[in-house]
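Data block below; observations after.
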Amino acid sequence: MATISLESLDLAALLCSRVCHDVISPVGAIVNGLEVLEDDNDLSMREFALELIGKSARQASARLQFARLAFGAAGSAGASIDLGDAEQVARGMFQDDKVSFTWSAPRLLFPKNRVKLLLNLIMIATTAIPRGGSISVHVSGDAEKCEFLINSKGINARIPAHAEDLLAGHSESGTVDAHGIQVYYAGEVARAAGMNVAFSIEGDEVTIRSATV
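If you use our numbering, the sequence shown corresponds to residues 378 to 590, in order.
What follows is the structure, given as structure tokens:
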């Protein structure tokens, strides 16, 4: 394994690519729905188009709000984020989805990087259950000393390929692509937040545990 070397401009470009990838699908669906409204006078088709536009707009908004906290600055250096805001954007990601979501956390202000880490670990947790299932998030402790416990349960649950290496900042080639950038970024945030991350799996349940060092 080689240590990943990534210029700041490349990191920014890859993260932008990841965010755009997550938003393209619902935005494209909105465009398709608008085209149906313009070209089709059938009442049932117009109702379908309006429903598609509404659902896709909600998905796009939820994904952008999530990305704003998970990847964005969210205030100046050293800023804190309310865990309630993190819960809200996380729940928004799972509306109308094949994954059920539960959240248990105190309503406290946490350092920005620790909240960003939590949201990024939730993103990783979704890839552990490609066929859907359930994700539960439990946060204990306070802003100074805390632990995150995220459980993904579903058919064929697995630790995402290369996730442990990418979190540690390593890859076979010493590079990372748009597919792996989010996991690599999560590792960078974990180190900045003074927290470790560990995976375990038992049957159809993957556990991601992160605690202050």
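Glycine included, each C-beta is placed from N, C-alpha and C at the ideal position.
The structure displayed is predicted, hence computed values, not measured ones.
Can you tell me where the beta strand (DSSP E) with residue i in it begins and where it stops?
i       : result
His-515 : 510-518
Met-572 : 572-579
Ile-585 : 582-589
Would you call residue i buried or exposed, if buried means 16 or more other Cβ atoms sit within 10 Å of its Cβ?
i       : result
Cys-397 : exposed
Val-408 : exposed
Ala-575 : exposed
Leu-391 : buried
Ser-433 : buried
Val-602 : The structure shown does not extend to residue 602, since the chain is modelled only from 378 through 590, so no value can be given for it.
Among the candidates the options, whose CA atom is the shortest distance from the CA of residue i?
i       : options                               : result
Tyr-561 : Asp-419, Phe-448 and Gln-442          : Phe-448
Pro-537 : His-556, Glu-524 and Leu-414          : His-556
Ala-437 : Glu-565, Gly-469 and Val-566          : Gly-469
Lys-522 : Leu-414, Gly-405 and Met-572          : Met-572
Ala-563 : Pro-507, Ser-433 and Leu-388          : Leu-388
Val-566 : Ala-588, Asn-418, Ser-421 and Val-466 : Ala-588
Ile-499 : Gly-551, Ser-517, Phe-478 and Gly-405 : Phe-478
Phe-443 : Asp-399, Ser-577, Asp-416 and Trp-480 : Asp-399
Ser-511 : Ser-550, Ser-517 and Phe-471          : Phe-471
Thr-503 : Ile-532, Pro-488, Glu-384 and Glu-524 : Ile-532
Check whether the Cβ atoms of residue i and residue j sit closer than 7 Å, and answer yes or no.
i       : j       : result
Ser-457 : Leu-486 : yes
Arg-586 : Leu-526 : yes
Ile-558 : Arg-445 : no
Glu-579 : Lys-530 : no
Ala-594 : Arg-491 : The question about residue 594 has no answer, for the chain in this structure spans 378 to 590.
Ala-482 : Leu-460 : yes
Asp-401 : Ser-548 : It is Ile, not Asp, that sits at residue 401 in the sequence shown. For Ile-401 and Ser-548, no; Cβs fall outside 7 Å.
Ala-426 : Gly-405 : no
Ala-534 : Ala-505 : yes
Counting only beta-carbon separations shorter than 7 Å, does residue i have a partner in chain B?
i       : result
Trp-480 : Protein chains in the displayed structure number just one, and chain B is not present.
Which whole-angstrom value describes the C-beta separation of residue i and residue j, a residue pair presumed to lie in contact below a C-beta threshold of 8 Å?
i       : j       : result
Lys-475 : Gly-509 : 3 Å
Asn-497 : Ser-513 : Contact doesn't hold; Cβ gap of about 17 Å is too wide.
Met-422 : Asp-542 : Actually they are not in contact, since the Cβ atoms of Met-422 and Asp-542 sit about 48 Å apart, beyond 8 Å.
In terms of residues, what are the limits of the alpha helix (DSSP H) holding residue i?
i       : result
Val-553 : Looking at the DSSP string, Val-553 is not in any alpha helix (DSSP H), and its letter there is neither H nor E.
Ser-385 : 385-416
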